[in-house]
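Mapping to the working numbering: the sequence shown position 25 is 25, numbers consecutive.
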Amino acid sequence: MRKNKTMKNGKEFLRDVIKFYPYKVNYILTDNGEEFCYNSLPKNKRTKKTHPFVNLCIENKINHRTIKFKHPWTNGMIERFNGKIKNKVY
1 MRKNKTMKNG KEFLRDVIKF YPYKVNYILT DNGEEFCYNS LPKNKRTKKT
51 HPFVNLCIEN KINHRTIKFK HPWTNGMIER FNGKIKNKVY
């Protein structure tokens, strides 16, 4: 786990997962955070470049999907899991 949510940390985390685990990652479901995609950026700050996290998904043939805006319950299981990890670690 990383302390800061940055594009670099999002990409590095996925790269570490791919290297460490012997399983093929086929799908990833994330929220629309800036560490995963450009969807949450204001329209005037968006770029035509592909996000580094998305590029890594493409390179590794991983289907990256994002949850709908303002629908955090879609990602509820992950949020609960993250809460459990934080409780154990900290």
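Note that the Cβ used here is the ideal one computed from N, Cα and C, for glycine as well.
Take every Cβ of the stretch 6 to 20, pair it with every Cβ of the stretch 28 to 48, and state whether three or more of those distances are shorter than 8 Å. yes
Determine whether the beta carbon atoms of T66 and N26 lie at a separation below 8 Å. no
Quick one: grab the DSSP three-state call for L41. coil
Can you check which of these residues, K88, L29, F20 and P22, is closest to P72 by C-alpha distance? L29
Residue environment, D31, which counts as buried when at least 16 other CB atoms sit within 10 Å: buried
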